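Reading through the structure tokens given below for one structure.
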Amino acid sequence: MTFHCRNYDLNLDQCRKLHDDCIPGRRGCALEGKVKLSEELEKRVAALEEKKQRQRAGKSKKARRS
168 MTFHCRNYDL NLDQCRKLHD DCIPGRRGCA LEGKVKLSEE LEKRVAALEE
218 KKQRQRAGKS KKARRS
């Protein structure tokens, strides 16, 4: 994958803007909507969104129990 992003931290190998893994085109990414994603990246973005939804669902269940 070849691209340049001013938010990419080479030393930490992560996005400085999102403080997480660099996955070009994901929600919140500076490149979102500006690039065409490969099928592999589309799958990574979808998996990331699913993971975040599960985490949110887990947090909301804990909040209701309290």
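Going by the numbering used here, the first residue of the sequence shown is number 168, and it counts up by one from there.
The beta-carbon is built from N, C-alpha and C at its ideal position, and this holds for glycine as well.
Fair warning: this is a prediction, and the values are worked out from it, not measured in the lab.
Query                                                                                                             : Result
M168 versus L177: straight-line alpha-carbon distance, rounded                                                    : Bear in mind that a pLDDT of 48 at M168, under 50, signals an unreliable position, so the number given afterwards is only what the model happens to contain. M168 and L177: Cα-Cα distance of roughly 14 Å.
Residues near A197 by beta carbon distance below 7 Å, same chain, minus five either side                          : C172, N174 and K184
Nonlocal neighbours in the same chain, by C-beta distance under 7 Å from L208, ignoring five residues either side : I190, P191 and G192
Contact set for V202: own chain, Cβ-Cβ below 7 Å, skip 5 residues either direction                                : P191 and G192
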